[in-house]
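One structure is given here, and the rest of the page talks about it.
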Ligand code: UDP
């Protein structure tokens, strides 16, 4: 805890209301940072799209049309915004009340808040939640990094590397409330896959592992791309897999903890991979492609296995070696490196540095 409580204004992602899963890992990240900042005595207000369902945190709901997700656009596409944009509305609200806060924290992966930074009186910390996907966004991130040193935060070095910044940035791993995840020493003969069902997440490789190994796969997460899902169902008629829907954290960990491993089969440079630390918290080893954030979370041979990207035989081999992993070591890794306290220390330090405290 710092000597003086901070007054923090968190501006959420404009791709969906909080609690819907449309925002992916950003939702849990925002929730956990907010929770921990309040616990530490800081004052906090969250600005989020209307329809946000978290009752336990102070949320100002802002109406407007949602932003389309960056993953669905081409790298050279121009920046687009709908009429009555919730992104624009949230930032207009932030502009009006900024004097009541010390620091604004931006959780949107969007051009507008970065562009607006010099027009605000209060400093803005930008937490960038994905790797480089858009030339226009890359350019404005570079510009802000140069003009406002230290205000750009990434989740992993691999993610940061996709932006090729020469300027200073912060690298902030996520964290979770480990007490919400129960340790399970004796898993069932099943595997887990958790994430948004969308092509960049590579679910088909995990289904393929289920088919080859005959180990049932439990799938959880927001169904973001229906045709992609239908294609997988058609292509793997003999694999044993089951889609359980988008579950609450409590329900999700009940399933994950009974699995032998979590499979992470992403095609893109995953910025972090919240689901990796959630699995570890249950004592579940993570088998992941050696790509992006998960490669900085998983200790190969200790808390799971890192596999050559896109190699299904590599995944199958890792599954066959799961007995080498001690599930207590997995849980301990979450407790020490990815706890709420560790998360709070990282973010508090970042905020204080920006404010020169
Ligand atoms: N998640 C959830 N319920 C589910 C499946 C996933 O709440 O049934 C959450 C999970 O806790 C995680 C997020 O969805 O916070 C996925 O985030 P991740 O960082 O793994 O990937 P992203 O979606 O940001 O690419």
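In this note's numbering, the protein residues as written are 10 to 366.
Beta carbons are placed, not taken as given, at the ideal position from N, Cα and C, and that holds for glycine.
Considered as a whole, the segment 296-322 harbours 303-306 as its complete alpha helix (DSSP H) runs of no fewer than 4 residues, in chain order.
Looking at the DSSP output, residue 180 shares a beta bridge with 163. Residue environment for residue 67: exposed (fewer than 16 other C-beta atoms within 10 angstroms of its C-beta). In the DSSP assignment, residue 348 forms a beta bridge with 185. Here DSSP, grouped into helix, strand and coil, assigns residue 228 to strand. Of the candidates 114, 180, 194, 153, the residue whose Cα lies closest to the Cα of residue 269 is 194. For the segment 251-301, the full-length alpha helix (DSSP H) segments reaching 4 residues or more read 258-265, 283-290 along the chain. Look at residue 66 here: in three-state DSSP terms it is coil, with no helix or strand label. Around the beta carbon of residue 337, fewer than 16 other beta carbons sit within 10 angstroms, so the residue counts as exposed. Per DSSP, the beta bridge partners of residue 135 are 115, 161. Judged by DSSP secondary structure, residue 215 falls outside any beta strand (DSSP E) and instead within the alpha helix (DSSP H) spanning 212-222.
Our two residues, residue 122 and residue 256, have alpha carbons roughly 31 Å apart in a direct line.
DSSP, read as helix, strand or coil, puts residue 106 in helix.
Going by DSSP, residue 48 is part of the alpha helix (DSSP H) stretching over 34-48. In this structure, residue 277 keeps its C-beta atom at 8 Å or more from the C-beta atom of residue 60. In the three-state reduction of the DSSP assignment, residue 80 falls in the helix class, which pools H, G and I. Among the bridge pairs identified by DSSP, residue 202 is matched with 228. Distances from the CB of residue 98 to the heavy atoms of the ligand UDP are all 7 Å or more. Residue 54 carries a strand assignment under DSSP once its states are collapsed to helix, strand and coil.
Counting only residues of its own chain and dropping the five nearest sequence neighbours on each side, residue 314 has a CB closer than 6 Å to the CB of 296, 327. Within the same chain, and ignoring the five residues on either side of residue 238 in sequence, the residues whose Cβ sits closer than 7 Å to its Cβ are 206, 232.
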